[in-house]
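Undergrad: Structure below; questions to follow.
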Amino acid sequence: MTDAVLSARPVPAILPRRGGFFGNLSDILWRNPKLLLFLMLAPPVLWLGVVYLGSLFALLLQSFFSIDEFSGLINRDFTLKTYGELLLPSNMDIIIRTVAMAAIVTLASAVIAFPIAYYAARYARGKWKVLFYLGIMLPLWSSYLVKIYAWKLILAKEGILTWLLGKLHLNWLLDAWLSLPVVGGNSLSVSFTGTFIVFVYVWLPFMILPIQAALERVPANLVEASSDLGASPGQTFRNVLFPLALPGIVAGSIFTFSLTLGDYIIPQIIGTSRLFIGQAVYAHQGTAGNIPLAAAFTVVPIVVMGFYLWGAKRMGAFDAL
Amino acid sequence: MTSAVSFRKVSRHFGSVRAVDAVDLDIVPGEFFAMLGPSGSGKTTCLRLIAGFEQPTAGEIRIFDEKADGVPPYRRNVNTVFQDYALFPHLNVLDNVAYGLMVKGIGKAERRRAAEETLTLVKLPGYGARKPGQLSGGQRQRVALARALVNKPKVLLLDEPLGALDLKLREQMQEELKALQRRLGITFVFVTHDQGEALSMADRVAVFNDGRIMQVGTPSEIYERPQSRFVADFVGSSNVLPPDFVQRYSGQRRWGSLRPESIRIGRNVSGDGVAAKLVSASYLGATTRLALDAEGLRLHATVPSGAALPPEGETVTLTFNREHLHLMEEGA
């Protein structure tokens, strides 16, 4: 029966051309795969190259100009004078403060993110995985400003955190912490501790997701193999899991580190009156009208990130890629 | 005498699935023991129970007479060669092999020397600096073997280690594994679904089905005297004969088995032979395998290639020596 059906209609060895505009286009693109690649890449490369990187270079160019202190006009002669200004103690303070904050925020994010990412990669299945993604992504869908103002209320002197610690009779702990130099202050919402907490909260998803992706690629039997060869769970973490998750941790830390370096809203709403780089850029390009110094400040995170990636590569963070 | 591994009524249930169901097992020290069975028969779970990756739901496991219940894998002097090798991709070959010694705190110079020695044992000297990603499947297999052997395990577990290799390499590795086992005297426990592999390599074979052991014995016992239809069917290509058929030739109403090479083909349609239609002939090199249809009973026979064969569709007469007809314990 099937034989009869199959042999009823003669089938050509080569099918006829589809014809028409799209048919011919398909044939041409199949014969010239490079043309297809060119057509696909040209628009994004133009966008990235001209609009994105071009405007960035235009900005960086500004950092080699200087401002005439007397007239407030920009002097378009190439000079390193503006970079010299960065080295003034008041500006160096801003840079050191920002880099230190970015480093601590990154470290804390990695420590908090790893167990969450490990759970999601190893154990969460089906609807638990969906819940995991929802839980990670949901905070990203709501307005950044709303979240920060919510945190301001939470951390305020009359806020829920103070109330909760009061109920637990732990106010002395908060007071002791707030009386510490540098990290302390009148309340959490006007201290560096508050800035730190909110930074970690806001950037945490950017750390969790890359670590989770990296751990997901680690076959479960590598963990078994390590255990089989006599490694305790701690040794397995140090020798197998951590090195293999390191590219993910570095990818996540690029986000948390650079986002903290550039942010100007969080430290403005929550924290002390001392400036971070983002706020300095904002102030110099806006009210002060000192575009060259603002541009020079912008270069700082780029250079810091450059050194960071170079160091990470030297430490072998990308060897497992 | 103490067993290398002993199972007493060991079960491992996953929810309602009985992956391993009340298994009793004794593996003799120094033997090459194969666990043979189709996928899902519980053989791999048994291996994982010995390694410590799984804990029994019930029953008792002893390794060289020491209770293994609740002992984590890293405290068992048992090592595994994983099915897909599970080499650490971020470590080079030497560090992979030295891993077990490294986590036990053995000094760098000593463990490197031991790793290099073991690499020589598996015929990969000088490969230490390469990454696993730069090796072929067969070389990775040898590294996985070296990584396990360097720890001088009391029992070496091999989980379908030859499954991913092509035929020629597989045959070569079979011989090498066997020679290595003889030389080192370590107890090897080998899981496979390939009956040829199990029969050719092992001193003893356990045939698994549905979480139970159907039969344990030497390869020739398993092959020549299967106790049940399942074993006869799964091990080798024996013809499984129903009780009605067996009764005509042996007088006993039991299931029987008859090996394909015991069947002779004749063209004269007379005498006390079995009349059968030749359905197809497959050329296998030295032998030709015939598929036959004896009144609805499908039989296979192997004959030397080169002998004149009747055309397909022809009726032939099958004869066999009654002594070759094996009766199973399984009744009608």
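Going down the list, the protein sequences come from chains Z and B. Last residue of the first sequence? That's 355 in the numbering used here, and every number before it is there in order. Last residue of the second sequence? That's 352 in the numbering used here, and every number before it is there in order. Every residue, glycine too, gets a C-beta built ideally from N, C-alpha and C. Bear in mind that the values here come from a model prediction, so they are computed numbers and not experimental data.
(1) First and last residue of the beta strand (DSSP E) that includes tryptophan 211 of chain Z?
(2) Helix, strand or coil, according to DSSP, for threonine 238 of chain B in the structure here?
(3) Counting only beta-carbon atoms, is alanine 151 of chain Z nearer than 8 Å to chain B?
(4) What's the gap between the Cα of valine 216 of chain Z and the Cα of alanine 210 of chain Z?
(5) Between phenylalanine 27 of chain B and phenylalanine 210 of chain B, is the Cβ-Cβ spacing less than 8 Å?
(6) Tell me which same chain residues have a C-beta within less than 7 Å of the C-beta of alanine 247 of chain Z, skipping the five on either side of it?
(7) Please tell me whether proline 93 of chain B has its Cβ less than 8 Å away from any Cβ of chain Z.
(8) Taking 8 Å as the CB-CB limit, is arginine 167 of chain B close to chain Z?
(9) Please compile the residues from chain Z whose C-beta is within a distance smaller than 7 Å of the C-beta of phenylalanine 108 of chain B.
(10) Could you tell me the alpha carbon to alpha carbon distance between phenylalanine 340 of chain B and alanine 327 of chain B, rounded to whole angstroms?
(11) Starting from methionine 55 of chain B and walking both ways along the beta strand (DSSP E), at which residues does that stretch end?
(12) For the putative contact between arginine 95 of chain B and leucine 69 of chain B, defined by C-beta atoms under 8 Å, what is the C-beta separation to the nearest angstrom?
(13) Can you name the residues that DSSP bridges to glycine 282 of chain Z?
(14) Helix or strand or just coil, what does DSSP make of phenylalanine 341 of chain Z?
(15) Just to confirm my understanding: we take methionine 35 of chain Z, look at its own chain, exclude 5 residues before and 5 after, and list those with CB closer than 7 Å. What are they?
(16) Quick check on DSSP: helix, strand or coil for methionine 35 of chain Z?
(17) Is any beta-carbon of chain Z found at less than 8 Å from that of valine 123 of chain B?
(18) If methionine 135 of chain Z and threonine 294 of chain Z are in contact, beta carbons under 8 Å, what's the gap, nearest whole angstrom?
(19) Whose CA, out of Z/Pro277, Z/Thr306, Z/Val337 and Z/Met241, lies closest to the CA of tyrosine 352 of chain Z?
(20) Would you list, in chain order, the members of the region 278-308 of chain Z that have their beta-carbon closer than 9 Å to a beta-carbon of chain B?
(21) Can you check DSSP and say which residues form a bridge with arginine 224 of chain B?
(22) Chain Z partners of alanine 71 of chain B, CB-CB under 7 Å?
(23) Helix, strand or coil for isoleucine 62 of chain Z, going by three-state DSSP, please let me know.
(24) State the Cα-Cα distance for the pair arginine 190 of chain B and glycine 305 of chain B, rounded to the nearest angstrom.
(25) Pull out every residue of the region 222-253 of chain Z whose Cβ sits closer than 8 Å to any Cβ of chain B, in chain order.
(26) Look at alanine 330 of chain Z and threonine 116 of chain Z and say whether their C-beta atoms are less than 8 Å apart.
(27) What would DSSP say about valine 48 of chain B, mapped onto helix, strand or coil?
(28) Identify, in the order they occur along the chain, each residue of the same chain with its Cβ nearer than 7 Å to the Cβ of threonine 212 of chain B, setting aside the five sequence neighbours on each side.
(29) Residues of chain Z with a CB under 7 Å from the CB of glycine 153 of chain B: which are they?
(30) Would you say serine 97 of chain Z lies against chain B (beta-carbon separation less than 8 Å)?
(31) Using only alpha-carbon positions, find the residue among Z/Val180, Z/Leu214, Z/Leu179 and Z/Ala154 that is nearest to glycine 169 of chain Z.
(32) Counting only beta-carbon separations shorter than 8 Å, does alanine 351 of chain Z have a partner in chain B?
(33) Could you compute how far the alpha carbon of isoleucine 336 of chain Z sits from the alpha carbon of serine 59 of chain B?
(34) Give the C-beta separation of valine 91 of chain B and glycine 72 of chain B to the nearest angstrom, bearing in mind that I take them to be a contact with Cβ-Cβ under 8 Å.
(35) Taking a Cβ distance cut-off of 7 Å, strictly less, list which residues of the region 179-211 of chain B are near chain Z, in chain order.
(36) Quick one: is asparagine 112 of chain B near chain Z, going by C-beta distance under 8 Å?
TA: Let me spell this out:
(1) First-last for tryptophan 211 of chain Z: 205-212, but that is the alpha helix (DSSP H), not the beta strand (DSSP E).
(2) coil
(3) no
(4) 13 Å
(5) no
(6) Gly282
(7) yes
(8) yes
(9) Leu256 and Val274
(10) 18 Å
(11) 52-56
(12) Actually they do not touch by this definition, with Cβ atoms about 15 Å apart.
(13) Paired residues: none, contrary to the question.
(14) helix
(15) For methionine 35 of chain Z, the predicted model reports a pLDDT of 47, less than 50, meaning its position is unreliable and no value from the coordinates is stated.
(16) At methionine 35 of chain Z, the pLDDT of 47 sits below 50, so the modelled position is not reliable; the number obtained from the coordinates is stated separately. In the structure shown, methionine 35 of chain Z sits in coil (DSSP, three-state: anything other than H, G, I, E or B).
(17) yes
(18) 6 Å
(19) Residue identity differs from the one stated: residue 352 of chain Z is phenylalanine in this sequence, not tyrosine. Checked all of Z/Pro277, Z/Thr306, Z/Val337 and Z/Met241; the closest Cα to phenylalanine 352 of chain Z is Z/Pro277.
(20) Leu278 and Leu280
(21) B/Phe53
(22) Asp262
(23) helix
(24) 19 Å
(25) Pro253
(26) yes
(27) coil
(28) Ala54, Leu56, Glu180 and Ala218
(29) By Cβ distance, chain Z contributes nothing, its closest Cβ being about 11 Å from glycine 153 of chain B, past 7 Å.
(30) no
(31) Z/Ala154
(32) no
(33) 56 Å
(34) 6 Å
(35) none
(36) no
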